[in-house]
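Everything below concerns the one structure shown next.
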Amino acid sequence: MSKVEAIRYGDRSVYSVSAFNRGVAQWLRRLPELWLEGEITELRRNEAWASCFVTLKDPQTGATVPVTISRRRLDALGLDLADGERVHVQGRAELYEARGELAFRATTIERFGLGEHLAALERLKQALAAEGLFAAERKRPLPRFPRAVGLLTGVDAAARGDIVTAISTRFPPARLVVAETRVQGPSAPLAIVSSLHALSSHPAVDVVIVSRGGGSFEDLLPFSDERVVRAVAGCPVPVVSAVGHEQDTPLCDLAADVRASTPTAAARLVVPDLDELTAGLARSREHLGRVVRRIAERDRERIARTRDRLRTAPRLLLERRRSALTASGGRLRALSPQGTLERGYAIVRAQGRVVRSATAVAQGAELEVRLADGSLAARVEEVLE
Amino acid sequence: MTDPQQLSFEEAQRELDEIVGRLERGDVPIDDAIKLWQRGEELYRRCAALLEAAEGRIEELAGDAPGAEAS
Chain A
5 MSKVEAIRYG DRSVYSVSAF NRGVAQWLRR LPELWLEGEI TELRRNEAWA SCFVTLKDPQ
65 TGATVPVTIS RRRLDALGLD LADGERVHVQ GRAELYEARG ELAFRATTIE RFGLGEHLAA
125 LERLKQALAA EGLFAAERKR PLPRFPRAVG LLTGVDAAAR GDIVTAISTR FPPARLVVAE
185 TRVQGPSAPL AIVSSLHALS SHPAVDVVIV SRGGGSFEDL LPFSDERVVR AVAGCPVPVV
245 SAVGHEQDTP LCDLAADVRA STPTAAARLV VPDLDELTAG LARSREHLGR VVRRIAERDR
305 ERIARTRDRL RTAPRLLLER RRSALTASGG RLRALSPQGT LERGYAIVRA QGRVVRSATA
365 VAQGAELEVR LADGSLAARV EEVLE
Chain B
381 MTDPQQLSFE EAQRELDEIV GRLERGDVPI DDAIKLWQRG EELYRRCAAL LEAAEGRIEE
441 LAGDAPGAEA S
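Residue numbers (the working numbering), protein chains in the order written: chain A, 5 to 389; chain B, 381 to 451.
Next comes the structure, spelled out in structure tokens:
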């Protein structure tokens, strides 16, 4: 490689155009072989040309780079490339010295469509799963009463509005910390990681929602970026992934603690329902009142019953004594002579002694006949056997 | 016992539920029952006040993230 020489004019070094171009071309040749990804546009092939030309376009920014490839090589690949096809191109940077024009000299071109993206994603998923990043044991429960909810959302009023509305409707006192983030394009993954870090570092944020409205597979790719997935898995506060719609499954869904497929579902996960809370509180209070009243009732009853027992006790005692007395009285009477007399019997005495037999007295003897209520003086008329 | 004014909603609600439970289960004498009931009322008032007073707040995180847009 010839050394590039400058011409000296006094103390100024000046390069000819050719020398400059040659120098830059030499510098470029130090770059290694690289792979580029982009879209085919303006494919120009001619049987008469030794090389074919393609303008390779970056679909995110529209930037382009001219690509050249030998016609023989291109034909050997057997691809029938159409405009807009996404490809991978291997080759080196090159400067066309005559014009000072940058080009990428390709050695091979490969189609890289959805299939390859999916395959690459699948490989990444397996690798991260093997590390245990998606394990069920790592999932954390969400706080019931977060002090603040962190919301990572795209710069899209509609998507952000949906979630904010859902949360504020369910729990009006909710405190939200919103980080609007670029969620599309090559700078998206780092922006997402940075916002996630900022939200989780906020002192009051107890849970974070990572949200992004629906979109194409490419639109959602940043949420399957390895850096984003790792950031979600390693986030110090629980993460709810609300990316895309029901049928989308970006990898961050797997790394998050919970997945929500709609803004309403996300709101339900992170904040309590104010109406239910209020109703529940009212029920508790009512319950409290009821239970205390029940205890008071029970106590009152107990006291009333005791008082009643107290009142009736002496009377009962008296009753019992009285009936006992009556019973005794009855027994006594049954045993005494008075009772016998009252039944009609008489006690006969002669000369002060009780007469038990008819033979104990003679005719004419004087008798004293004692009846229940008095006595009679009597004389024996006749003794009858 | 912590001053109800120092309790968070979660703490106050939990204690209220505990009190109701105790009164339901235990053979609590009427004096203690009344004291517990008063405590329960205080906790209820604390919870209700927290729910009514709190206003929803939305705070924007400054966009110093690469590529983040200012709102």
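Ideal Cβ positions, reconstructed from N, Cα and C, are used throughout, including at glycine. Predicted, not measured: the structure shown is a model, and the values here were computed from it.
- For residue 437 of chain B, the nearest CB of chain A lies under 8 Å from its own CB, placing it at the interface with that chain.
- Here the C-alpha atom of residue 194 of chain A lies approximately 12 Å from the C-alpha atom of residue 228 of chain A.
- Secondary-structure assignment with DSSP links residue 213 of chain A through a beta bridge to A:155, A:244.
- Neighbours of residue 390 of chain B in chain A, taken as residues whose beta carbon is under 8 Å from its own, are 148, 149 in chain order.
- Per DSSP, the beta bridge partners of residue 41 of chain A are A:92.
- The alpha-carbon separation between residue 232 of chain A and residue 82 of chain A amounts to approximately 38 Å.
- The DSSP assignment places no complete beta strand (DSSP E) segment of no fewer than 3 residues inside the stretch 391 to 417 of chain B.
- If the five residues before and after residue 413 of chain B are omitted, its C-beta is found closer than 7 Å to the C-beta atoms of 403, all from its own chain and listed in chain order.
- The stretch 160 to 175 of chain A makes no contact with the stretch 199 to 208 of chain A: fewer than 3 CB pairs, one atom from each, lie closer than 8 Å.
- Its chain contains no residue whose beta carbon lies nearer than 7 Å to that of residue 50 of chain A once the 5 sequence neighbours on both sides are disregarded.
- With a cutoff of 8 Å on beta-carbon distance, residue 236 of chain A and residue 150 of chain A are scored as not near each other.
- Under the 8 Å Cβ criterion, the stretch 74 to 81 of chain A does not count as touching the stretch 125 to 134 of chain A, having fewer than three qualifying pairs.
- Taking a beta-carbon distance threshold of 8 Å, residue 167 of chain A does not count as an interface residue toward chain B.
- Taking 8 Å as the CB threshold, residue 434 of chain B lines the interface with chain A.
- Separation of residue 184 of chain A and residue 209 of chain A (C-alpha to C-alpha, rounded to the nearest whole angstrom) is 16 Å.
- Residue 278 of chain A has its alpha-carbon roughly 20 Å from the corresponding atom of residue 213 of chain A.
- Excluding residues up to 5 positions away in sequence, 278 lie with their Cβ nearer than 8 Å to the Cβ of residue 177 of chain A in the same chain.
- Against chain A, a Cβ distance below 9 Å from residue 440 of chain B picks out 181, 182, 183, 184.
- Within chain B, no C-beta atom comes less than 8 Å from the C-beta of residue 273 of chain A; the nearest is roughly 17 Å away.
- Under a 10 Å Cβ-count criterion, residue 107 of chain A is classified as buried, with 16 or more other Cβ atoms of the shown protein chains found around its own Cβ.
- With a cutoff of 8 Å on beta-carbon distance, residue 408 of chain B and residue 299 of chain A are scored as near each other.
- Between the stretch 118 to 126 of chain A and the stretch 165 to 176 of chain A there are fewer than three C-beta pairs closer than 8 Å, too few to call the two in contact.
- Nearest Cα to residue 44 of chain A within the set A:10, A:95, A:329, A:113: A:113.
- Distances from the alpha-carbon of residue 385 of chain B to those of B:411, B:437, B:421 put B:421 closest.
- Judged by beta-carbon spacing, residue 387 of chain A lies beyond the 8 Å limit of residue 373 of chain A, meaning their Cβ atoms are not closer than that value.
- With three or more CB-CB distances shorter than 8 Å, the stretch 29 to 39 of chain A counts as touching the stretch 94 to 101 of chain A.
- When the Cα atoms are used, residue 59 of chain A and residue 52 of chain A turn out to be separated by approximately 19 Å.
- Taking CB atoms only, residue 157 of chain A has no neighbour in chain B less than 8 Å away.
- Rounded to whole angstroms, residue 94 of chain A and residue 181 of chain A show a C-alpha spacing of 45 Å.
- As the crow flies, the alpha-carbon of residue 314 of chain A is around 10 Å from that of residue 307 of chain A.
- Residue 153 of chain A and residue 171 of chain A do touch by the CB rule: their CB atoms are close to 6 Å apart, below 8 Å.
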